[in-house]
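Heads up: the structure comes next, in structure tokens.
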Amino acid sequence: MKYHFLLCLFLFQYASFAQSENSVKELSKKDSITYLKLKQQFAKHINPNPDSSLVYASKIKAFGLEKNYSVGIVEAPYFKAYYFRRMQKLDSAIFYFNLSSKLAKEHNYLRGIALSQNGLCRIHYFLGETENAVDACTNCLDVAIEMNDLPIITDTYTALGNTYRRHNDMNMAISYYLKADSIHSVEPQRPDIIAATYQSLGTIYEDLKDYDTSITYFKKANDEFKKIPADVTFYLNTTDLHLGSAYYHKGDLALADSILQKTYSYFKGIKEDVSVAKISTYLGLIRIKKGDLDAAERYLNEGFQLHKDKKYSYETAEATLELGKLYISKNEPKKSIYYLTELLQNYEDYDNRSLQQKTLKSLSEAYALNNNYSLAYNTLNKTYKLKDSLNNVQNIASISEIDSKYQTEKKEQQITLLKSQNETVEQQKLNQRNLLLGGLGIMSIAGLFFYILYRNRQRTNTKLKEIDALKSNFFTNISHEFRTPLTLISSPIEDTLLDETISDQKRQQFTIAKQNSERLLELVNQLLDLSKIDDGQLKLQIQQGNVTQLISALSESFTYYATQKNISYIIDIIPSNDTGWFDKDAVEKITINLLSNALKYTPENGKVTCEVYTKNDTLFFKISNTGKGLTPYELNNIFERFYQTDGQNQGSGIGLALVKELVELHKGSIEVKSEPNKETIFFVSLNLNKNMFSKNTIVVNPNNENIKDVTLHYNTNIDSEAKITDSELPILLIVEDNDDLRNLLKQTFKNNYNVITAANGNLGVELALEDIPDLVISDIMMPEKNGIELTTELKTNELTAHIPIILLTAKANIESQFTGIDVGADDYITKPFDKKLLILKVEKLIESRRQLQLRYSQELVLLPKDIAFTNLDEKFLNKVQAALDENLVEPSFNVSEFSEAVGMSRMQLHRKLKALTGLTASEFIRSQRLKLATQLLKNSDINMSQIGYSVGFNDHSYFTKCFKEAYNCTPSEFAKRN
Numbered sequence: 001m002k003y004h005f006l007l008c009l010f011l012f013q014y015a016s017f018a019q020s021e022n023s024v025k026e027l028s029k030k031d032s033i034t035y036l037k038l039k040q041q042f043a044k045h046i047n048p049n050p051d052s053s054l055v056y057a058s059k060i061k062a063f064g065l066e067k068n069y070s071v072g073i074v075e076a077p078y079f080k081a082y083y084f085r086r087m088q089k090l091d092s093a094i095f096y097f098n099l100s101s102k103l104a105k106e107h108n109y110l111r112g113i114a115l116s117q118n119g120l121c122r123i124h125y126f127l128g129e130t131e132n133a134v135d136a137c138t139n140c141l142d143v144a145i146e147m148n149d150l151p152i153i154t155d156t157y158t159a160l161g162n163t164y165r166r167h168n169d170m171n172m173a174i175s176y177y178l179k180a181d182s183i184h185s186v187e188p189q190r191p192d193i194i195a196a197t198y199q200s201l202g203t204i205y206e207d208l209k210d211y212d213t214s215i216t217y218f219k220k221a222n223d224e225f226k227k228i229p230a231d232v233t234f235y236l237n238t239t240d241l242h243l244g245s246a247y248y249h250k251g252d253l254a255l256a257d258s259i260l261q262k263t264y265s266y267f268k269g270i271k272e273d274v275s276v277a278k279i280s281t282y283l284g285l286i287r288i289k290k291g292d293l294d295a296a297e298r299y300l301n302e303g304f305q306l307h308k309d310k311k312y313s314y315e316t317a318e319a320t321l322e323l324g325k326l327y328i329s330k331n332e333p334k335k336s337i338y339y340l341t342e343l344l345q346n347y348e349d350y351d352n353r354s355l356q357q358k359t360l361k362s363l364s365e366a367y368a369l370n371n372n373y374s375l376a377y378n379t380l381n382k383t384y385k386l387k388d389s390l391n392n393v394q395n396i397a398s399i400s401e402i403d404s405k406y407q408t409e410k411k412e413q414q415i416t417l418l419k420s421q422n423e424t425v426e427q428q429k430l431n432q433r434n435l436l437l438g439g440l441g442i443m444s445i446a447g448l449f450f451y452i453l454y455r456n457r458q459r460t461n462t463k464l465k466e467i468d469a470l471k472s473n474f475f476t477n478i479s480h481e482f483r484t485p486l487t488l489i490s491s492p493i494e495d496t497l498l499d500e501t502i503s504d505q506k507r508q509q510f511t512i513a514k515q516n517s518e519r520l521l522e523l524v525n526q527l528l529d530l531s532k533i534d535d536g537q538l539k540l541q542i543q544q545g546n547v548t549q550l551i552s553a554l555s556e557s558f559t560y561y562a563t564q565k566n567i568s569y570i571i572d573i574i575p576s577n578d579t580g581w582f583d584k585d586a587v588e589k590i591t592i593n594l595l596s597n598a599l600k601y602t603p604e605n606g607k608v609t610c611e612v613y614t615k616n617d618t619l620f621f622k623i624s625n626t627g628k629g630l631t632p633y634e635l636n637n638i639f640e641r642f643y644q645t646d647g648q649n650q651g652s653g654i655g656l657a658l659v660k661e662l663v664e665l666h667k668g669s670i671e672v673k674s675e676p677n678k679e680t681i682f683f684v685s686l687n688l689n690k691n692m693f694s695k696n697t698i699v700v701n702p703n704n705e706n707i708k709d710v711t712l713h714y715n716t717n718i719d720s721e722a723k724i725t726d727s728e729l730p731i732l733l734i735v736e737d738n739d740d741l742r743n744l745l746k747q748t749f750k751n752n753y754n755v756i757t758a759a760n761g762n763l764g765v766e767l768a769l770e771d772i773p774d775l776v777i778s779d780i781m782m783p784e785k786n787g788i789e790l791t792t793e794l795k796t797n798e799l800t801a802h803i804p805i806i807l808l809t810a811k812a813n814i815e816s817q818f819t820g821i822d823v824g825a826d827d828y829i830t831k832p833f834d835k836k837l838l839i840l841k842v843e844k845l846i847e848s849r850r851q852l853q854l855r856y857s858q859e860l861v862l863l864p865k866d867i868a869f870t871n872l873d874e875k876f877l878n879k880v881q882a883a884l885d886e887n888l889v890e891p892s893f894n895v896s897e898f899s900e901a902v903g904m905s906r907m908q909l910h911r912k913l914k915a916l917t918g919l920t921a922s923e924f925i926r927s928q929r930l931k932l933a934t935q936l937l938k939n940s941d942i943n944m945s946q947i948g949y950s951v952g953f954n955d956h957s958y959f960t961k962c963f964k965e966a967y968n969c970t971p972s973e974f975a976k977r978n
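Take the sequence shown: its position 673, counted from the start at 1, is 673 in the working numbering, and no numbers get skipped.
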């Protein structure tokens with residue numbers, strides 16, 4: 001009945017899942033903290049925002065499975081049950097409590113069994129299923145008593161009291177409440193458990209019409225709730241609901257109305273319909289007392305409808321009874337009869353005679369008011385037959401007697417306790433001196449320990465500072481060391497590019513080399529800047545200027561790059577004549593990094609927007625781009641050094657870390673927001689106020705430097721549409737996401753192969769299925785579909801299973817090579833690779849295929865096992881053989897019928913047969929007919945002129961010509977030899 005009892009218990013049960021039972025795996029300290037935070041987040045959201053709590057319940061399940069942690073595995077359905085209980089989806093709640101109990105038994109987790117049974121008990125008594133509720137609570141007590149877990153025992157006694165009170169068995173209810181209270185007296189429990197018991201006692205005294213005592217207990221419950229170090233607004237409001245009810249029954253309508261209106265607004269706000277319905281009923285009763293019957297009708301109808309939507313429960317029955325009484329007051333007996341009859345027909349708790357008696361009495365009045373005196377008399381007779389009035393009097397007397405005995409027993413316990421305390425006082429005095437001396441000794445040892453710990457910590461801190469300094473010096477030194485060889489690399493490249501006599505192909509190759517050497521220099525400079533920031537050596541050079549003009553010029557530099565990628569690039573910079581104080585180099589690095597990142601990760605036909613304006617000595621800079629977006633985890637780590645959103649992304653993970661450091665150094669802030677698969681937005685604000693910077697960073701007379709050239713690494717050779725120009729050359733498919741490397745490979749092989757290219761794995765698979773290449777060279781780390789997935793898909797497809805595949809990768813470890821070879825790759829080459837070696841491996845793989853093709857031409861009979869590269873190839877050749885056996889001797893059998901018989905297009909069949917046998921489809925049919933003719937010439941007595949017709953040739957002379965081309969002799973000569 002009391003929804004709040006269940007939710008009050010949540011704090012207790014949430015904290016009570018211990019992690020120390022012998023049968024339960026222990027977590028590391030780090031994992032324990034992680035798991036505790038997940039449970040805290042669940043508790044935080046369960047009442048105000050239950051849908052968010054469901055997310056954390058799922059995370060608890062994932063954590064439990066990942067760590068093989070029994071407590072997490074058991075708790076996950078337990079917390080889901082609480083979510084469904086909060087949403088009033090009771091069938092689902094029962095399912096998950098049962099699931100939690102089952103898992104707890106499987107994992108021998110006793111506390112999990114006890115708490116899941118406790119949760120079941122509370123749902124069953126809420127539904128009026130007394131027997132099921134008592135069974136569940138009994139199961140809980142059996143385990144809790146075995147563990148001697150007083151908090152669970154105490155709370156289960158309270159739950160049993162609620163169950164019997166709902167069943168109108170006040171003797172049993174008060175006995176269990178007093179048992180719970182006696183445990184508090186002997187060994188005080190946590191505030192939430194004590195509060196639950198006080199609430200229950202308050203409701204008992206409210207039923208006994210002892211409203212002052214009831215109010216006292218409710219106030220005590222709220223005092224206990226306030227001791228909990230968490231947001232207890234929900235629990236305070238549940239108690240206030242009962243306070244309002246008690247004040248109503250006491251006759252203090254103004255105070256009751258004030259309290260209930262507050263709780264009504266709160267529960268309405270969090271959509272907790274059960275409490276809203278309960279409060280609506282009381283607000284309706286208050287309006288009846290005040291004579292405002294129309295308002296009363298509205299409130300009571302709201303309570304009735306909300307309860308009715310949640311099944312015909314005890315609360316529904318109460319709301320229906322009050323509506324019936326209201327319509328008697330409004331002299332509308334027919335409506336009253338309707339609601340009261342509905343109540344008697346639908347409410348199935350036959351043991352609750354008190355409610356039945358009240359309903360029958362009101363129904364009798366309604367019949368009389370409707371002038372139906374016969375029914376009024378019969379109904380009144382039924383009322384008298386119920387003995388609830390006498391039972392209630394006996395219950396009250398019995399309860400008072402039990403309460404009196406309990407108070408006497410409690411006083412005797414207190415007297416005994418006082419005597420025991422007096423006897424121990426003397427002993428305590430004797431022990432105090434020894435304790436004092438022992439304490440001084442322990443304090444001295446502890447002081448020495450903490451001194452040694454402090455000294456060691458100081459040494460550790462000093463050592464860490466030395467390590468940081470060494471690390472900083474290392475980055476500085478290695479950055480400087482890189483610059484010399486980079487200079488030696490870039491200088492000859494620049495000289496060569498100035499030579500007008502070099503070919504276009506060489507110029508393109510040297511341009512790629514120059515761009516990548518500049519990229520490496522950028523990374524070195526960024527590392528050096530980060531090192532200087534860590535060491536406190538990077539100082540701003542603040543000078544006066546027009547920052548919007550600077551950013552406008554820098555952003556315009558990216559226009560060609562955006563056009564090349566077919567990206568909609570919008571620059572929205574509000575010009576300003578006002579000058580500000582800023583570090584020109586820092587602003588350039590921030591702008592270039594953010595814009596280049598946005599363009600890099602925006603797909604084709606996407607959109608990038610750059611918005612800039614200044615206001616109140618502050619620069620506001622917003623860059624947004626469409627695309628994949630970032631997950632919450634990626635958002636939390638995006639500014640970490642060397643962090644990459646996933647392994648497929650190109651980049652070092654340095655740029656955004658440097659941007660964040662520079663923004664903060666410039667007294668600014670940077671934020672990022674992202675919506676997955678929609679857009680990502682970076683917000684930057686920089687302070688332009690001179691007074692915000694130290695005097696030693698101000699440059700009074702700055703040099704008028706030109707705006708820095710933005711080095712953008714454009715694709716110098718956009719892939720043209722793949723075309724096979726020479727049908728005799730082997731087809732080579734190159735799948736590589738790096739534009740420069742893909743173009744370099746294309747230039748390497750284009751003279752000796754028909755080269756087609758793809759920028760990702762998905763496109764690579766499509767081209768392989770369409771063109772059936774002779775060999776595939778593929779990178780492993782690629783977006784959309786990586787090289788391993790591409791290899792697996794091609795090697796498991798009958799059309800492409802024969803194609804040799806070479807994988808390229810930067811991963812040099814042996815495990816990566818095992819993975820590549822295991823899925824069917826024919827070779828594995830690590831980057832950077834030797835171009836000559838790659839060319840040689842391509843040649844040898846294609847040559848090995850040609851050797852098998854040659855072997856076919858020497859065989860008189862098609863033997864799939866002898867020429868197949870894989871099982872799928874053998875399967876394909878068996879299909880080919882079956883088609884030939886059935887149709888080869890038919891003169892009308894041609895390539896179209898052949899391709900249809902094996903389930904391929906003509907081009908696919910042509911490329912597949914060419915790869916396996918070296919013959920086109922038509923050549924293959926002719927070859928097989930000629931081979932069949934040789935067998936007939938050897939083994940049969942068919943007339944020589946009929947041999948050609950027997951194997952599918954229409955023309956004898958054409959047959960003779962083809963035979964002579966294949967075997968260098970006429971059919972007659974061949975027959976004579978054999």
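For every residue, glycine included, the Cβ atom is placed at its ideal position computed from N, Cα and C.
Q. Between the beta-carbon of Asp774 and the beta-carbon of Gly787, is there less than 7 Å?
A. On the sequence shown, position 774 is the one that residue 774 refers to. On the sequence shown, position 787 is the one that residue 787 refers to. No, the Cβ-Cβ distance between Asp774 and Gly787 is not below 7 Å.
(Q) In the DSSP output, which residue or residues are listed as bridge partners for Leu807? (A) Along the sequence shown, read from residue 1 onward, the residue named residue 807 stands at position 807. Note: Leu807 sits in a beta bridge opposite Ser778, Tyr828.
Q: In the DSSP assignment, find the unbroken beta strand (DSSP E) run with Phe898 in it and report its ends.
A: Position 898 of the sequence shown, counted from the first residue, corresponds to residue 898. It is not in any beta strand (DSSP E) - Phe898 instead sits in the alpha helix (DSSP H) that spans 895-902.
Q.
Between which residues of its own chain and Lys514 is the CB-CB distance below 8 Å, once the five residues before and five after are set aside?
A. As a working mapping, residue 514 is identified with position 514 in the sequence shown. So the list reads Ser490, Ile493, Glu494, Leu497, once near-sequence residues are dropped.
Q: With DSSP as the reference, label Val889 as helix, strand or coil.
A: Taking the sequence shown and counting its residues from 1, the one referred to as residue 889 is at position 889. Val889 falls in the coil class under three-state DSSP.
**Q.** For Asn677, the three-state DSSP class (helix, strand or coil)
**A.** Sequence index remark: in the sequence shown, residue 677 carries index 677 (1-based). Three-state result, Asn677: coil.
Q. Is the Cβ-Cβ distance between Gly668 and Ser694 less than 7 Å?
A. Indexing the sequence shown from 1 puts residue 668 at position 668. Indexing the sequence shown from 1 puts residue 694 at position 694. Cβ distance not < 7 Å, so Gly668 and Ser694 don't count as in contact.
Q: Leaving aside the five residues before and after Glu965 along the sequence, list all residues of the same chain whose C-beta is less than 8 Å from its C-beta, in chain order.
A: Stepping through the sequence shown from its first residue, residue 965 is reached at position 965. Excluding positions up to five away in sequence, the list is empty.
Q) Which stretch, first to last residue, makes up the alpha helix (DSSP H) that contains Ala915? A) Here residue 915 refers to the residue found at position 915 of the sequence shown. Where Ala915 is concerned, the enclosing alpha helix (DSSP H) stretches over 906-917.
(Q) I need the boundaries of the alpha helix (DSSP H) containing Asp212, first residue and last residue. (A) As a position in the sequence shown, residue 212 is number 212, starting the count at 1. 211-225 is the span of the alpha helix (DSSP H), which, as asked, contains Asp212.
Q: Classify Asn717 as helix, strand or coil using the three-state DSSP reduction.
A: Here residue 717 is taken as the residue at index 717 of the sequence shown, counted from 1. Residue placement at Asn717 is poorly supported in this model, since its pLDDT is 47, which falls under 50; the coordinates still yield a value, given next. Asn717: coil per DSSP, three-state reduction.
Q | Residue from Asn605, Tyr373, Glu671 whose Cα sits closest to the Cα of Asn637 | A | What you label residue 637 is simply residue 637 of the sequence shown in a count that begins at 1. Measuring from the Cα of Asn637, the nearest candidate turns out to be Glu671.
Q) Buried or exposed: Pro730, going by 16 or more other Cβ atoms within 10 Å of its Cβ? A) Residue numbering aside, residue 730 sits at position 730 when the sequence shown is read from its first letter. Classification of Pro730: buried, given that the 10 Å Cβ count is 16 or more.
Q. Is Gln544 helix, strand or coil by DSSP?
A. As a first step, residue 544 must be located in the sequence shown, where it is residue number 544. Residue state, collapsed to three classes: strand.
Q. In chain order, what residues of the same chain lie with their CB nearer than 8 Å to the CB of His956, ignoring the 5 residues before and after it?
A. What you label residue 956 is simply residue 956 of the sequence shown in a count that begins at 1. For His956, where only same-chain residues beyond five positions count, the Cβ hits under 8 Å are Ser945, Gly948, Tyr949.
Q: With a threshold of 16 other CB atoms inside 10 Å of the CB of Thr796, please say whether the residue is buried or exposed.
A: As a first step, residue 796 is located in the sequence shown; it is residue number 796 there, counting from the start. Looking at its Cβ environment, which holds fewer than 16 other Cβ atoms inside 10 Å, Thr796 is exposed.
Q. Per DSSP, what kind of secondary structure is Gly627 in: helix, strand or coil?
A. Taking the first residue of the sequence shown as position 1, residue 627 is located at position 627. Coil at Gly627, not helix or strand.
Q: Output yes or no for whether 7 Å exceeds the beta carbon distance between Tyr282 and Leu260.
A: To locate residue 282, count along the sequence shown from 1; it is residue 282. To locate residue 260, count along the sequence shown from 1; it is residue 260. Going by C-beta atoms, Tyr282 is nearer than 7 Å to Leu260.
Q: Output the boundary residues of the alpha helix (DSSP H) element that contains Ser265.
A: To locate residue 265, count along the sequence shown from 1; it is residue 265. Per DSSP, Ser265 belongs to the alpha helix (DSSP H) from 253-269.
Q: Ignore the nearest five residues each way along the sequence and tell me which others in Tyr613's own chain have a CB closer than 7 Å to its CB.
A: Here residue 613 is taken as the residue at index 613 of the sequence shown, counted from 1. Excluding sequence neighbours, Tyr613 sits near Ile574, Phe620.
Q) With 16 as the cutoff for other CB atoms within 10 Å, does Lys628 come out buried or exposed? A) Against the sequence shown, residue 628 aligns to sequence position 628. By the 10 Å Cβ count, Lys628 comes out buried.
Q. Quick one: what does DSSP say Cys140 is sitting in, helix, strand or coil?
A. In the sequence shown, the residue the question calls residue 140 occupies position 140. Note: Cys140 maps to helix in three-state DSSP.
Q) Given a threshold of 16 other Cβ atoms within 10 Å of its Cβ, counted over all protein chains shown, does Arg165 qualify as buried or as exposed? A) Counting from 1 along the sequence shown, the entry for residue 165 is found at position 165. So Arg165 counts as buried.
Q. Which two residues bound the contiguous alpha helix (DSSP H) that contains Gly72?
A. Translated into the one-based positions of the sequence shown, residue 72 becomes position 72. Note, Gly72: alpha helix (DSSP H), 70-86.
**Q.** When Gln432, Asn516, Glu798, Thr591 are compared against Val880, the one with the closest alpha-carbon
**A.** Mapped onto the sequence shown, residue 880 falls at position 880. With distances taken between Cα atoms, Val880 lies closest to Glu798.
**Q.** Presumed contact (8 Å Cβ cut-off) between Ser354 and Thr383, rounded CB distance
**A.** For the purposes of this step, residue 354 is taken as residue 354 along the sequence shown, with counting starting at 1. For the purposes of this step, residue 383 is taken as residue 383 along the sequence shown, with counting starting at 1. About 12 Å separates the two Cβ atoms, so there is no contact after all.
Q. So is Asp212 buried or exposed if we call it buried at 16+ other beta carbons inside 10 Å?
A. Translated into the one-based positions of the sequence shown, residue 212 becomes position 212. Burial call: exposed.
Q) If we call anything under 7 Å between Cβ atoms a contact, is Glu679 one with Thr626? A) Against the sequence shown, residue 679 aligns to sequence position 679. Against the sequence shown, residue 626 aligns to sequence position 626. Yes, these two residues count as a Cβ contact at 7 Å.
Q) When DSSP builds the beta bridges, which residues end up paired with Tyr686? A) On the sequence shown, residue 686 is found 686 positions in, with the first residue counted as 1. Correcting the residue identity first, residue 686 is Leu in this sequence and not Tyr. According to DSSP, which records beta bridges pairwise, Leu686 is partnered with Leu619.
(Q) By the DSSP assignment, the alpha helix (DSSP H) with Ile654 in it spans what residues? (A) Taking the sequence shown and counting its residues from 1, the one referred to as residue 654 is at position 654. Careful: Ile654 lies outside any alpha helix (DSSP H) and carries neither H nor E.
Q | C-beta neighbour in chain D for Leu840, strict 7 Å | A | The chain inventory of the structure shown lacks chain D, comprising one protein chain alone.
Q: Starting from Thr792, trace the beta strand (DSSP E) both ways and give me its first and last residue.
A: Your numbering for residue 792 matches position 792 in the sequence shown. No beta strand (DSSP E) holds Thr792; the alpha helix (DSSP H) holding it covers 787-795.
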